[in-house]
Ligand code: PHE
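In the UniProt record's numbering, the protein residues as written are 6 to 338.
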């Protein structure tokens, strides 16, 4: 009890104090260790009680030292063991990239209509990117998309659109085909706020018996309402792509001004969103599909463009810089 009393009156302030105390009581020549030695020589009838008391004392002291240790550690600010570069608790998580968010949302929307995801290679050949899509040799339509060629030969190139995956799905899959193809595409363009040499597209293709332009329009209307809100309107403007006939460009009504006109929609009330059309019978035939029995529609859009409209991002380059101040804004989407 003398030892216990002495111990209980202590009040260590630092690790050094604590280490002295540990040595004084539990060290090789410490008070408690000495008592254990005495234990050997006491009469056997007292051993039981003495031993019990001794063990209790030892545990008490060990526990108290542990308690002091935690106290000292949590109070000390100048502790050399603290790594101030560690992240504070709770550890904050990253966020999904806006392009992934929009891509996933697009996949969900079209999945509901029965489209499945189909992917193809980024490094392609002329056939899959151009020839099978009815771009004739030497046709100026090839210049619509400035191509990166990988070797000096004309046949190894980076795909300029995801339409190449249309071709791959027609090559491999049985009819009917109903696929969406998300992926990276590459064009030799100067990088600016409005253009980049790498971006993402998502392509849709549906081929079956009796697929009509009305099916295309209804599919796109459904998509626009799901993506931009149920009050969204669409309009189709005639356009040209070598692989669709007729071809169109789809606009959605500008949400910001409700179609009245503002700086975002350049005072037109409409925003251009995607290209689309009925698959040209030539393309069906080039890919071994009987164009008398089957018809189809296709559409393709830039994911960055959809994300820009959705999140009001004004500079395309932000998507590729991975600045956390930009990325953190998508945490709660
Ligand atoms: N491939 C076209 C482009 O990159 C988009 C498109 C896809 C148009 C499918 C029509 C049909 O601009």
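Idealized CB from N, CA, C, for every residue including glycine.
Whole-number beta carbon distance between residue j and residue i, since they are thought to touch under 8 Å
| i | j | result |
| --- | --- | --- |
| residue 211 | residue 182 | 7 Å |
| residue 128 | residue 163 | 6 Å |
| residue 303 | residue 282 | 7 Å |
| residue 70 | residue 23 | 7 Å |
| residue 248 | residue 213 | Contact doesn't hold; Cβ gap of about 18 Å is too wide. |
| residue 238 | residue 258 | 4 Å |
| residue 190 | residue 156 | The pair is not a contact, with the Cβ atoms about 19 Å apart (cut-off 8 Å). |
| residue 176 | residue 287 | About 16 Å; that fails the 8 Å criterion. |
| residue 240 | residue 220 | Actually they do not touch by this definition, with Cβ atoms about 18 Å apart. |
| residue 195 | residue 322 | Actually they do not touch by this definition, with Cβ atoms about 12 Å apart. |
| residue 215 | residue 300 | 7 Å |
| residue 193 | residue 152 | 7 Å |
Limits of the unbroken beta strand (DSSP E) element including residue i
| i | result |
| --- | --- |
| residue 209 | 203 to 213 |
| residue 253 | 249 to 258 |
| residue 240 | 239 to 246 |
beta-carbon residue i near the ligand PHE non-hydrogen atom, thresh 7 Å
| i | result |
| --- | --- |
| residue 281 | yes |
| residue 305 | yes |
| residue 246 | yes |
| residue 208 | yes |
| residue 174 | no |
| residue 224 | no |
| residue 133 | no |
| residue 249 | yes |
| residue 252 | yes |
| residue 102 | no |
Range covered by the alpha helix (DSSP H) that runs through residue i
| i | result |
| --- | --- |
| residue 282 | No alpha helix (DSSP H) contains residue 282, which is instead part of the beta strand (DSSP E) from 275 to 284. |
| residue 56 | 49 to 80 |
| residue 3 | The structure shown does not extend to residue 3, since the chain spans only 6 to 338, so no value can be given for it. |
| residue 220 | 218 to 233 |
| residue 316 | 308 to 316 |
| residue 336 | Counting along the chain, residue 336 falls outside any alpha helix (DSSP H), and DSSP gives it neither H nor E. |
| residue 265 | Counting along the chain, residue 265 falls outside any alpha helix (DSSP H), and DSSP gives it neither H nor E. |
| residue 46 | 36 to 46 |
| residue 92 | From DSSP, residue 92 is part of no alpha helix (DSSP H); its letter is neither H nor E. |
| residue 324 | 323 to 326 |
| residue 22 | 20 to 31 |
| residue 87 | Premise fails: residue 87 is in no alpha helix (DSSP H) and is neither H nor E. |
| residue 169 | 168 to 177 |
| residue 10 | 7 to 13 |
Residues that residue i bridges to, as DSSP identifies them
| i | result |
| --- | --- |
| residue 191 | 203 |
| residue 303 | 210, 282 |
| residue 129 | 162 |
| residue 186 | 208 |
| residue 122 | 185 |
| residue 154 | 162 |
C-alpha distance - residue i paired with residue j, whole-angstrom precision
| i | j | result |
| --- | --- | --- |
| residue 54 | residue 29 | 24 Å |
| residue 75 | residue 15 | 16 Å |
| residue 298 | residue 290 | 11 Å |
| residue 278 | residue 160 | 31 Å |
| residue 7 | residue 18 | 23 Å |
| residue 21 | residue 31 | 15 Å |
| residue 154 | residue 184 | 27 Å |
| residue 103 | residue 243 | 31 Å |
| residue 325 | residue 207 | 18 Å |
| residue 202 | residue 187 | 17 Å |
| residue 330 | residue 204 | 21 Å |
| residue 266 | residue 92 | 47 Å |
| residue 234 | residue 336 | 21 Å |
| residue 137 | residue 327 | 36 Å |
| residue 135 | residue 169 | 8 Å |
| residue 10 | residue 62 | 11 Å |
| residue 218 | residue 121 | 21 Å |
| residue 80 | residue 72 | 13 Å |
| residue 230 | residue 236 | 7 Å |
| residue 132 | residue 250 | 20 Å |
| residue 305 | residue 111 | 12 Å |
| residue 125 | residue 178 | 13 Å |
| residue 44 | residue 33 | 15 Å |
| residue 25 | residue 40 | 19 Å |
| residue 50 | residue 38 | 21 Å |
| residue 317 | residue 262 | 13 Å |
Contact test: residue i Cβ vs the ligand ATP heavy atom, cutoff 7 Å
| i | result |
| --- | --- |
| residue 166 | This structure lacks the ligand ATP; its bound ligands are the ligand PHE. |
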